[in-house]
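Structure, as structure tokens:
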Amino acid sequence: MEIPYTVEPRPDTGLYNAKLGIWLFLASEVMLFGALFSTYILLRTGNPNWVQHPMDVPLATLNTMLLISSSVTVVLAWAGLRLKNFAQFRKYGILTLLLAGGFMVIKGFEYSAEFSAGLFPWTDNYMAVYFTMTGLHGLHIVGGMVVIAYLLGPGAKMWETEPERFTNRIEVFGLYWHFVDLVWIFLFPSLYLL
Amino acid sequence: MSVPEETSVESHGHADHGHGEHHEESFIRKYIFSQDHKVIGIQYGLTSLCFLMFGFCLMILMRWQLASPGSAIPWIGNFLGQANAPGGIMLPEFYNQLGAMHGTIMVFLAVVPMIVGAFGNYVVPLQIGAPDMAFPKLNMASYWVYFVGGVIMLVSFFLPGGAANSGWTSYAPLSVIATMGQTAWLIGMVFLITSSLLGSMNIIVTIFQLRAPGMTWMRLPYMVWSQLVTSFLLLLAFPPLEAAGILQLMDRVVGTSFFMPSGLYVSGEVLEYAGGGSVLLWQHLFWFLAHPEVYVLVLPAFGIISEIIANNTRKPLWGYKALVYSGIFLGFMSFIVWAHHMFMTGMGTVISAFFQTTTMIISIPSVVILTALLISLWGGSIRFNTPMLFALAFLPMFGIGGLTGLPLGLAPTDIHLHDTYYVIGHFHYVVAPGTIFGIFAGIYYWFPKITGRQMSETLGKLHFVFSLIFINGIFFPMFLQGLAGVSRRLYDGGMQYSHAAPVLHWNAFMSYAAFGLLAAQLFFIVNFFNSIFRGPKAADNPWDATTLDMAATTSPPMGHGNFEVVPTVYRGPYEYSPPGAEDSFLPQHVAPKEA
Chain A
1 MEIPYTVEPR PDTGLYNAKL GIWLFLASEV MLFGALFSTY ILLRTGNPNW VQHPMDVPLA
61 TLNTMLLISS SVTVVLAWAG LRLKNFAQFR KYGILTLLLA GGFMVIKGFE YSAEFSAGLF
121 PWTDNYMAVY FTMTGLHGLH IVGGMVVIAY LLGPGAKMWE TEPERFTNRI EVFGLYWHFV
181 DLVWIFLFPS LYLL
Chain B
195 MSVPEETSVE SHGHADHGHG EHHEESFIRK YIFSQDHKVI GIQYGLTSLC FLMFGFCLMI
255 LMRWQLASPG SAIPWIGNFL GQANAPGGIM LPEFYNQLGA MHGTIMVFLA VVPMIVGAFG
315 NYVVPLQIGA PDMAFPKLNM ASYWVYFVGG VIMLVSFFLP GGAANSGWTS YAPLSVIATM
375 GQTAWLIGMV FLITSSLLGS MNIIVTIFQL RAPGMTWMRL PYMVWSQLVT SFLLLLAFPP
435 LEAAGILQLM DRVVGTSFFM PSGLYVSGEV LEYAGGGSVL LWQHLFWFLA HPEVYVLVLP
495 AFGIISEIIA NNTRKPLWGY KALVYSGIFL GFMSFIVWAH HMFMTGMGTV ISAFFQTTTM
555 IISIPSVVIL TALLISLWGG SIRFNTPMLF ALAFLPMFGI GGLTGLPLGL APTDIHLHDT
615 YYVIGHFHYV VAPGTIFGIF AGIYYWFPKI TGRQMSETLG KLHFVFSLIF INGIFFPMFL
675 QGLAGVSRRL YDGGMQYSHA APVLHWNAFM SYAAFGLLAA QLFFIVNFFN SIFRGPKAAD
735 NPWDATTLDM AATTSPPMGH GNFEVVPTVY RGPYEYSPPG AEDSFLPQHV APKEA
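Protein sequences, first through last, are from chains A and B. Heads up: the first sequence begins at 1 in this note's numbering, then just goes up one per residue. Heads up: the second sequence begins at 195 in this note's numbering, then just goes up one per residue.
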């Protein structure tokens, strides 16, 4: 017997399995990052000698723009598949991958600038929070890049055999990607601006 | 060791029913890297039973030390190594390792994988009429990630300095400056958390998406409800511990100071940390997981007990809806009671007052559940078989565990009892004769379904009687010691404290009871293996049950897809002794007769 609702949504929940799965996964991710943000708040408010080092706000703003754009392109990639336009999916999928890669490269420049300024995770707790949270977020970006690269490369064969299922995969990836963007939208002001 | 019985499980399936479409699958695909929820459930079950035994043996070593501090452990002492027990005499450092790893292994590697991994995996898809879990590959991954986490925990005993030794709670800053075993503990925990995340996602999606036609929410067996709430707890409570684990790993490996306060002196020297961290932060993050974890341990046991009580009283559960709503409410509340573990940390009376109020509130749904199960017995003609005996014993045992928790939930009384043996007695009553009795009840109940063979009732009853006597012999004296003020972490059992002297004689008594409990498990082990190979063939519905797992499948259930056809559900889960019907029970999937 086949497992039902792998592709088409179940009528009473309105979801196919993977979509509910990714929402639950994202709920647990909210708790993960929620705990880290709570840590940040608690440590910062509890420490009278807290030092907020000046960060490279222009570069981070550029990075924010890159990630927001990639959120748009991933939707356009999914829309391409919905319109049965594989070329559009390809174009915007690759663009998403490039934007994510650009984000990581800029992040790398930021890190190396901080290291050369003598700011390391063990310097103080602001730097510890900064490196831990942006590092974990960076890992999420890299994870997303691996997935979209797979879906653009060998994974794209599924478009020939099961187009609907492949479209769903892009949608599920898109949901994850929006979440990763959203985490950055919180990280940017709380680490760089406040 | 585990392969023969799995082989026999499948081979009966073939011999009896011959569903042969999957003959081409290799041995490895079928038994090792299987994607069938039933095989994965059995894998979880056998692995966690091994860990249950291993964790128990760690405690047997500790009990030897407590009964006769400083005397050589006979025979086994020779194998513990010079670093741990020179001449067979246990060192305090080794005692601490045993304590930390006993807790870790029992909670994260034995009981949760058993009650969620094994029972959740095996029973939930069958009870809701699903062909498998929603994500079979993810299911396989979650077992193997758990397995790797377990191996890391075991290997940590052989690291220099041994395994983690800062308690299962790993309180900072002690854990941050502890030996290398703590790093292994943290890495192992990250694996276990990932595994439970994958598993709980899978169970939730399965219950939401794969219910058979007609299986509405209020027709779900209570077992399924309890697994659903439990999975939400695992999904949402574990990530903060993962975050905490990452932060502690950063502290230990990279040298950050999330949990390291400024100017911390250890052995007369200031540590080289930037400082400014908060030791209380670890406790908050840890208990934010670890209190919902208590309900992760106990809710599925409620589920198992409910199935068995309804089945063996031959009447519907009393207050099914109250049970469901209480379970959900319990799940919500369990997220806002964690700081009752921290009354002694000086977090302030306002916060203490809040958490003691929520703690008193959460006892209400627990009492509702226990009362509903108790009233379910009333007026039933009870069949006293082995699963039912364990289920019946669960009620008062969990009751003792729950009631002794009230003085711990109230800040003023907790000040006296905190960190004493009273606490140990309290939560062991909840988990050992509570949850582990629930696990045994479940094993005896589903064994004929899983293997197609019956277990011996005589051996089962002997196992039950001796377990019940000895387990109370271990844990009840802990209340007496705890009320006298004996601290829980002393490796000599409290010999150096004069206030402990009047209750110290209990140490030997409790240890003999623990050895007796170990011996009583032989009945189970013999019964288990003997029944797998030589037990009498079980009927397809061995207990005349109404739920789909028992009534609509063969024993054991067929390999792929579980059911010949997708069952349609016509009624609630516990239609026992329906008025006017010929049979004593009406299975959920049997169509009503035409009027």
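Quick reminder that beta carbons are idealized off the backbone N, C-alpha and C, glycines included.
Query	Result
Chain A contact for Ile398 (chain B) (CB, 7 Å cutoff)	yes
Gln376 (chain B) - containing alpha helix (DSSP H), residue span	375 to 403
Proximal chain A residues relative to Pro452 (chain B), where beta-carbon distance stays under 9 Å	Residue 452 (chain B) is actually Phe in this sequence, not Pro. Result: Thr39, Leu43, Asn125, Ala128, Val129, Thr132.
Proximity test, Cβ basis, 7 Å: Val448 (chain B) and chain A	yes
Residue from B:Leu656, B:Gly275, B:Leu285, B:Thr241 with nearest C-alpha to Trp258 (chain B)	B:Leu285
Cβ shell of Glu215 (chain B) (< 6 Å), same chain only, five flanking positions each side left out	Note that Glu215 (chain B) scores 47 on pLDDT, short of 50, meaning its location in the model is unreliable; the coordinates nonetheless yield the value given after this. Closer than 6 Å at Cβ, skipping near neighbours: no residue.
Burial state of Met752 (chain B), where buried means 16 or more other Cβ atoms lie within 10 Å	buried
Cut-off 7 Å between Cβ atoms - residues of its own chain near Ile148 (chain A), not counting five sequence neighbours on either side	Gly93, Thr96, Leu97, Phe173
Contact list for Val326 (chain B) against chain A, beta-carbon separation under 7 Å	Residue identity differs from the one stated: residue 326 (chain B) is Asp in this sequence, not Val. What Asp326 (chain B) touches in chain A: Ile3.
Chain A contacts from the segment 748 to 768 of chain B (Cβ-Cβ distance under 8 Å)	His754, Gly755, Asn756, Phe757, Val760
Host alpha helix (DSSP H) of Tyr638 (chain B) (start-end)	631 to 645
Unbroken alpha helix (DSSP H) run spanning His622 (chain B), endpoints	615 to 624
Whole runs of the beta strand (DSSP E) within the segment 97 to 128 of chain A, excluding any shorter than 3 residues	none
For His216 (chain B), three-class secondary structure by DSSP	Any answer about His216 (chain B) is weak, because its pLDDT of 49 lies below 50 and its placement is not dependable; what the coordinates show is given next. The answer is coil: DSSP assigns His216 (chain B) none of H, G, I, E or B.
Min CB distance Leu199 (chain A) to chain B below 7 Å	Examination of residue 199 (chain A) is not possible in this model, given that chain A is present from 1 through 194 alone.
Residues that Trp28 (chain A) contacts on chain B, provided the C-beta gap is smaller than 7 Å	Here the sequence assigns Ser to residue 28 (chain A), which means Trp is not the residue at that position. Under the 7 Å cutoff, chain B gives Leu391, Leu429, Leu430, Pro433.
Three-state secondary structure (DSSP) of Ser681 (chain B)	strand
Residue-chain proximity (Leu353 (chain B), chain A), Cβ-Cβ < 7 Å	no
Any C-beta of chain A under 7 Å from that of His216 (chain B)	Below a pLDDT of 50, predicted positions are generally treated as unreliable, and His216 (chain B), at 49, falls in that range; the measurement from the model is reported next regardless. Cβ-Cβ to chain A under 7 Å: no for His216 (chain B).
Alpha carbon of Val233 (chain A) to alpha carbon of Leu81 (chain A), nearest angstrom	The displayed coordinates of chain A run from 1 to 194. Any statement about residue 233 (chain A) would go beyond what the structure contains.
CB contact check: Met395 (chain B) to chain A, cutoff 7 Å	yes
Identity of the residues DSSP links to Asn756 (chain B) by a beta bridge	B:Met752
C-beta atoms of Ser71 (chain A) and His140 (chain A) nearer than 7 Å	no
First through last residue of the alpha helix (DSSP H) which encompasses Ile563 (chain B)	543 to 570
Cutoff 7 Å: Ser472 (chain B) Cβ touching any chain A Cβ	yes
Glu2 (chain A) classed as buried or exposed, judged by whether at least 16 other C-beta atoms fall within 10 angstroms	exposed
Helix, strand or coil at Tyr459 (chain B) [DSSP, three-state]	strand
Among B:Gly687, B:Asn579, B:Gly619, the one whose alpha carbon lies nearest that of Val659 (chain B)	B:Asn579
Pairwise C-alpha distance: Ser364 (chain B) and Leu42 (chain A)	20 Å
Given His620 (chain B) as reference, the closest of B:Ile609, B:Ala635, B:Gly632, B:Leu602 once Cα atoms are compared	B:Leu602
Closer than 7 Å to chain A by CB, Met744 (chain B)	no
Element boundaries [alpha helix (DSSP H), containing His478 (chain B)]	473 to 507
Contact with chain A by Met444 (chain B), beta-carbon distance below 7 Å	yes
Through-space distance from Ala732 (chain B) to Gly323 (chain B), alpha-carbon basis	21 Å
7 Å Cβ cutoff, Ala714 (chain B) in contact with chain A	no
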